[in-house]
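6 protein chains.
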Amino acid sequence: MGLPYGGAKGGIRVEPWNLTPGENERLTRRYTSEIINLLGPDKDIPAPDMYTNEQTMAWIMDTYSINVGHTVPSVVTGKPVSIGGSFGRTEATGRGVAYCVRRAVNHYGIKGDAPSVVVQGFGNVGSVTAKLLHQAGFKVVGVSDVYGAIYNPKGLDIPRLIAYVSEMGKVQGFNGSQDLDNKALLELPCDVLVPAALGGQITNLNADKLQCKIIVEGANGPTTPEADVILHDKGVIVVPDILANAGGVTVSYFEWVQGMMHLFWTEDEVNQRLEQIMGRACDQVLELSTKSKLRPRMAALRIGVSRIAEAKRLRGLYP
Amino acid sequence: MGLPYGGAKGGIRVEPWNLTPGENERLTRRYTSEIINLLGPDKDIPAPDMYTNEQTMAWIMDTYSINVGHTVPSVVTGKPVSIGGSFGRTEATGRGVAYCVRRAVNHYGIKGDAPSVVVQGFGNVGSVTAKLLHQAGFKVVGVSDVYGAIYNPKGLDIPRLIAYVSEMGKVQGFNGSQDLDNKALLELPCDVLVPAALGGQITNLNADKLQCKIIVEGANGPTTPEADVILHDKGVIVVPDILANAGGVTVSYFEWVQGMMHLFWTEDEVNQRLEQIMGRACDQVLELSTKSKLRPRMAALRIGVSRIAEAKRLRGLYP
Amino acid sequence: MGLPYGGAKGGIRVEPWNLTPGENERLTRRYTSEIINLLGPDKDIPAPDMYTNEQTMAWIMDTYSINVGHTVPSVVTGKPVSIGGSFGRTEATGRGVAYCVRRAVNHYGIKGDAPSVVVQGFGNVGSVTAKLLHQAGFKVVGVSDVYGAIYNPKGLDIPRLIAYVSEMGKVQGFNGSQDLDNKALLELPCDVLVPAALGGQITNLNADKLQCKIIVEGANGPTTPEADVILHDKGVIVVPDILANAGGVTVSYFEWVQGMMHLFWTEDEVNQRLEQIMGRACDQVLELSTKSKLRPRMAALRIGVSRIAEAKRLRGLYP
Amino acid sequence: MGLPYGGAKGGIRVEPWNLTPGENERLTRRYTSEIINLLGPDKDIPAPDMYTNEQTMAWIMDTYSINVGHTVPSVVTGKPVSIGGSFGRTEATGRGVAYCVRRAVNHYGIKGDAPSVVVQGFGNVGSVTAKLLHQAGFKVVGVSDVYGAIYNPKGLDIPRLIAYVSEMGKVQGFNGSQDLDNKALLELPCDVLVPAALGGQITNLNADKLQCKIIVEGANGPTTPEADVILHDKGVIVVPDILANAGGVTVSYFEWVQGMMHLFWTEDEVNQRLEQIMGRACDQVLELSTKSKLRPRMAALRIGVSRIAEAKRLRGLYP
Amino acid sequence: MGLPYGGAKGGIRVEPWNLTPGENERLTRRYTSEIINLLGPDKDIPAPDMYTNEQTMAWIMDTYSINVGHTVPSVVTGKPVSIGGSFGRTEATGRGVAYCVRRAVNHYGIKGDAPSVVVQGFGNVGSVTAKLLHQAGFKVVGVSDVYGAIYNPKGLDIPRLIAYVSEMGKVQGFNGSQDLDNKALLELPCDVLVPAALGGQITNLNADKLQCKIIVEGANGPTTPEADVILHDKGVIVVPDILANAGGVTVSYFEWVQGMMHLFWTEDEVNQRLEQIMGRACDQVLELSTKSKLRPRMAALRIGVSRIAEAKRLRGLYP
Amino acid sequence: MGLPYGGAKGGIRVEPWNLTPGENERLTRRYTSEIINLLGPDKDIPAPDMYTNEQTMAWIMDTYSINVGHTVPSVVTGKPVSIGGSFGRTEATGRGVAYCVRRAVNHYGIKGDAPSVVVQGFGNVGSVTAKLLHQAGFKVVGVSDVYGAIYNPKGLDIPRLIAYVSEMGKVQGFNGSQDLDNKALLELPCDVLVPAALGGQITNLNADKLQCKIIVEGANGPTTPEADVILHDKGVIVVPDILANAGGVTVSYFEWVQGMMHLFWTEDEVNQRLEQIMGRACDQVLELSTKSKLRPRMAALRIGVSRIAEAKRLRGLYP
């Protein structure tokens, strides 16, 4: 994505579901205090992952801030908006997937004014993707959740579906749609398939049955390496997760920048900048893919690795 | 206003009118040196108030900067533009009042294309408010200064009035207007009354005689608590000072941000951002007021207090 | 230009052409280490000059960054884009010259829709200036390089010329143009002459033969002081180098700002901001020149010196 | 005392006897965190006073140390020995009083090999003073505690008395001594009287009945200003508290120095250095007193004030 | 030992014998640079261990010092004396062992004016121990090196033996002594046996054959746990390694303190302070051992652990 | 001297005799502020030289201290004792010369119990040297000042002479002594000649007339290089200034150390440490001189240079 950001993981070996909120807070503050020399807006910037959330980030930020004597919002990302988080962060991943779908459709010259889309998963990523593609004139013909899938070849009314899900807690039973199982959903004919649920959904067992032209990976690792090869041989294009679902980390980066400037953007500004960065990254990957006849996944990796190598070469090794 | 900013006051017990400029400078530098551990762009950022001005801020900024070894414009706000102050700061309070008037007129559905306005006070706040509302198509029917008031039910030509005041030093005698006393001015029939002079102008003595529909407080505390109740009972809406005259502190915040980025905005950019922030704040207050049937003053307080409470709850108390 | 930036020079007494790359790197890192207390985004920010380049800046940035423990892109400018340099820096000087030409043509009311331009030098500055003026509808009638000049009174097709030069390594021989020597080029009749090659090109020997109306200095010091007087007496306006070729330092300033915000601008954003700053500076100089009957060079100096004096007066001398 | 140390007080408005140990710890850590910018081995160094103790100092030291990331023993004095406190601190005040008695006896030429001493108070100060004077060959003829006094004109066996008090909890009833009330104790004939209990013991009511030659003030303010004058007129010498009981603050200073060097002294070394500093201070005061015919209290003040004035004059006022 | 010092280990996974000196230096500097945030006179202070030496420490100290901008001798210990190392460091471990032998002999009331000693190992530790005990009037009857042992029941002339070893490279063949093997050496009758060679010398195989009264462990771990029990049952006292060979770390601590004061002690001063600290520690351990009927090893551990526990209890757990 | 101290000079180009005290103070504070990044107890530590004095050092110390926020005595040496200067600094150079004379007399085996000394100059250096040698049993037979010299072959009563000079302002006319001119003084027969006045006193004009056995240079450069050779050929030993008059810089170093420990030494402690360091340095130089047949001046240089070279070799060159 061209963000001036590295990446690392750290954690505590604990069963968080056994902690009271008070224990969780004290544990978080103690951990923050132990690693405080490694943290800072210019050093390492934690963000939430499994079993941590906005509240955890608020505690880390508060502990760090008290320690240095003034509020430092940029020491973490994924904070609540009310203490320096970014607008648009919650929707960012789904929004990025939608931008990617649109770039891919353009790049590969999908015909017709309303390309058809199937979205697996209707959580934070899938529902936002579906909503935005619907707004953009795409025809979302199938979606699923953990309980099952629905299908309407004329396109689902996504805003109404979202209201329905919010009330009923599932997609099946939605007026004017036909119920399917999840397996069948993936094999529906469509222009674009967006697997936005779990990893490992597209495997050597079902890859040759897929009838989509393009897959845009909203989840982490939805396609196995074997399936990747099968799809490539079939001519199905796979826009890889490291590109397609990078909207979240991009807005984390925006949150960091806003905190350092102490100037907070409107949601529109966040979304425009996200589109600019996602769009540029998609275009670079797809162009390199086409030009060098690389799968998009390989093109994305080549770009990423060559940027690191270039920076390393320029900076040298010191001392 | 949603600014990432706290507030505090500090001062020196001295009679500043007895100081020579040299004494004033040395006193300011000594004071800065004594509290220097508490100052900084991330800690406490002085701004001018009574008996201090741009020059005072320049001295504080210089003393702090020499102490840390490089120029730090963001350690104060209210600096001269030539050493890092913000464009648009002088007009900011009046401009904010004008934005507020426009939002209130829209919100409360004042009829007609040229709502009528009376402005008490024609200094830095009142004259800017009048000028901007005039430009926006409002009909400014009455204004006053310390020497008296004028009235023209067809609307005053504000640009010409400003030129007249600049030459004559007062508003009365302006061509095509009728002289009034200040008391009468407040009781003129109008859509919007902007008290932009001193505190305590609208009291239990005159509140029930007011003929405006909306009051937008440009001064600090122009309405007494008793008058507030009377007006409320009469159905006159009061947009409170903590909202309406926050344009000044908002541009101080912009000055701080610009100094930290070392990127200085044009006057247009300052004004656009001010309108965005003032507009959002007005809308939030007026909507809450309408929805919860709270006076706007109470709605503003509720929003402000709940933001602090929310942040406090999220951050927790540590240690 | 109104940039919050001072200026100084430092260097190593060495013959750089005798250094191996390894020696050059070690020397650069040692030098950086020796002066490291004086460097920093808030202190002194090196940029490349003679015999130093992007690679040198990368080494300085890396040495400084390792020393403080995290990457600090803003400690230098003129870095490669891949490690935090700014888009648009390479073209910045030529682009600034072109903006200046356009402002001068407007200010002095040059008639006709396609003012004619002669550009001396077709390197990084001259070719960019020519390209942008051509795009803006100017008629570039003559250009030169170290091997000679060409002329076409109907205007040269600059994009094609650039392609030609890129292939042939020189301007002469370009289809539809007539060859000239460099001396004759300067004396061509035109609206605007842009000397963008070496210093000392317009002297008391040729000044009175010039047939242009306006000179915009793209190079450093192309006009000698004696020539300046002759041109002034003839009525030829000289837009001075300290104004006209300040595009490069302005984008260096942008690079610094982007690095401190860790938010990197697109090339369009860089160019828009450059135009805004160059335009404002040109207008101020030309207006003062006209109003106070000063040569533009003197007007530029008066503005620059008075800004320093004003800041000095406001900040005072301490201790 | 010539220590490179200032003095100030700070505290929390709370009823400490109502706090649980946990509340006390959290309150102490919060307070430390709030004033942490003002603390440090080079800034302000808390020491215990009323309702705070070694444990309180340990908490402050720990809170500060965690905050800066490494153990900083010198940020407080009065710590437990096991985490960086000084040997000899507990006995320091009594030991200093004893040194002072010996210097005064020498200075004023008290005859006989075993000068007689009366000590009011047998707590931390009085018992140590009595023990050390006994060891030094003085004859301690009377001591008291809150329950009453005892007297033996041939001298009390102080080591045995200390053992007796440790068992019985009071001085009266000690074998071979005669019981007195506290009032009578002060009026016993003796060479040196050491009031080491409460303030305000020697007043205009009993001053003229005192039969001692020298008073060495172990307590804070045992002599009222009126009594001071009466005693002076009678020829009784009063060695003032600010000199005589400065042993405690002196060993606090030693604790600070040891912590900064991270080199801890043996109890003998502490006592030798204490004697050196107390002895020099006593001699200076008594010599000035004799030479300038000032009461010792005035001589001590003159020396103290003139040291501050001298330092202030040399350093100047800046800025 | 009561030193204000913790302990930790760090290293590089490399085969140092394969490094050129230049590689070794660059590797050491890189390692220092990578962990530099964790180093410092107040944080972590490296000292040499296996495959590192004075030169390594000099490189670490230089790298750190260049990084912070001034020479910081206290960031490492074990430096060469010429750049801030301590006099007496080389002999410190052997000297500490000798002090310990003397304290143990006194404590356990060994009869006769010249207690007999056997020293296993004649390297840096053993030869210094033997030399100092010889000077103190002990009769050193046997010593060994890797090649074998020698014995003289009347006592060896240690200064002459040292000269002999320095010339011949081994102890056997020394005039007036009888050759033995190492195994026999340990079983010689003597008052004190000092195993100062390798670990694991006294095991369940030979423990019951030992004829000494006291063992003072100069090496690390010379006695196995099983042997420890056998010796205890036999009534042989074992002064444990964590006490007896702590002279080296104690002088490292002195080196740190000297560097922070920038005041360097003479060798005599180092030795006196070492004796004071070793003596106090020996006495505490032996007294506790006798009083509580604990083996000295257990007594030493109890003292060490209880000090940590006491400090931990007093400081509390924060945050 | 083996001090952990470098050396450098800095200054202001000004005629200090033209400055008022206020100008001098402001100039000193401004200078301090300009170079403040280079100063500090761990960086560069100014000390007084020509036209600066204790007061100047107090101003520098105060300016620096205010800047960092707490008193930092160790940032300068040569401060007044009342704000952290060292006892014994005034006499330090003369005292060091006297120690040197005694070491040289011992080393070269000067016979007789009262070696005879001639001292040129009776200022701060010469009079202290004379006083201390007199106390040590030397026979001071001649001294001089700017007005002339005196001679008494049986030895002058130095304490009485000091009292005489303090009253009369010159040495001549002292009871029981014979007047000489300065030239004759140098040529008196004696064991030791101490030139402690100006440089360039012993030249090729008088070197061969000198009748002393040893010259100990109290002044800077009293012997010209030509004279040095002549004296060497005659067998006169010259103890060089860089050794003999290093007492002053040594006590400056003590002042620095005391300030960093915040523990101030008594005058006796200062003098003992001075003797220890001067004595060791003298012995090393004289021993090397004798052993390697180098003039003492060359031996001193060899020791100094080899220490720097050794440290440089050990630390290496980085980066």
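Protein chains in written order, with our numbering: chain A, 463 to 781; chain B, 463 to 781; chain C, 463 to 781; chain D, 463 to 781; chain E, 463 to 781; chain F, 463 to 781.
Beta carbons: idealized from backbone N, C-alpha and C, even for Gly.
Small disclaimer: the values here were computed from a predicted structure and weren't measured.
Tell me which residue opens and which closes the beta strand (DSSP E) that residue i is part of.
i	result
Lys601 (chain F)	Lys601 to Asp607
Leu725 (chain E)	Run containing Leu725 (chain E): none; DSSP gives neither H nor E here.
Cys652 (chain A)	Pro651 to Pro657
Under three-state DSSP, which class holds residue i?
i	result
Thr578 (chain F)	Per the sequence shown, the amino acid found at residue 578 (chain F) is Ser instead of Thr. Strand, per DSSP.
Tyr613 (chain A)	strand
Val590 (chain B)	helix
Lys675 (chain E)	strand
Val700 (chain B)	strand
Asn668 (chain E)	coil
Met512 (chain B)	coil
Residue range of the alpha helix (DSSP H) that residue i falls in?
i	result
Gln663 (chain C)	Careful: Gln663 (chain C) lies outside any alpha helix (DSSP H) and carries neither H nor E.
Ile704 (chain E)	Asp703 to Ala706
Ala761 (chain C)	Pro758 to Arg777
Trp521 (chain A)	Glu516 to Val530
Ile620 (chain B)	Ile620 to Met630
Ser495 (chain F)	Pro483 to Glu496
In the DSSP output, which residue or residues are listed as bridge partners for residue i?
i	result
Gln640 (chain C)	C:Tyr613
Asp506 (chain C)	C:Leu501
Pro684 (chain D)	According to DSSP, which records beta bridges pairwise, Pro684 (chain D) is partnered with nothing at all.
Residues in the same chain with beta-carbon distance under 6 Å from residue i, minus the five sequence neighbours each way, listed in chain order, please.
i	result
Ala560 (chain A)	Thr591, Leu594 and Leu595
Val747 (chain E)	Leu705, Pro758, Ala761 and Ala762
Leu653 (chain B)	The residue asked about is misnamed: residue 653 (chain B) is Asp in this sequence, not Leu. Closer than 6 Å at the Cβ level, and outside the excluded window around Asp653 (chain B), lie Ile572, Pro577, Ser578 and Lys675.
Which residues in the same chain as residue i place their Cβ atom closer than 8 Å to its Cβ, once the five residues preceding and following it in sequence are excluded?
i	result
Gly709 (chain D)	Ala554, Thr555, Gly556, Arg557, Gly558, Val559, Tyr561, Leu736 and Met740
Legend entry - Three or more C-beta pairs below 8 Å linking the region 651 to 667 of chain A and the region 676 to 687 of chain A: Three or more Cβ pairs drawn from the region 651 to 667 of chain A and the region 676 to 687 of chain A lie within less than 8 Å of each other, which places the two stretches in contact.
Legend entry - the region 625 to 638 of chain F / the region 684 to 704 of chain F touching (three or more Cβ pairs under 8 Å): The answer is no - the region 684 to 704 of chain F does not touch the region 625 to 638 of chain F, with fewer than three Cβ pairs under 8 Å.
Legend entry - the region 493 to 505 of chain D / the region 527 to 539 of chain D touching (three or more Cβ pairs under 8 Å): The region 493 to 505 of chain D is in contact with the region 527 to 539 of chain D.
Inset, instruction - Assess, as a yes-or-no matter, whether the region 726 to 736 of chain E is touched by the region 612 to 620 of chain E under the definition of 3 or more beta carbon pairs within less than 8 Å. - result: Result no; under three Cβ-Cβ pairs closer than 8 Å.
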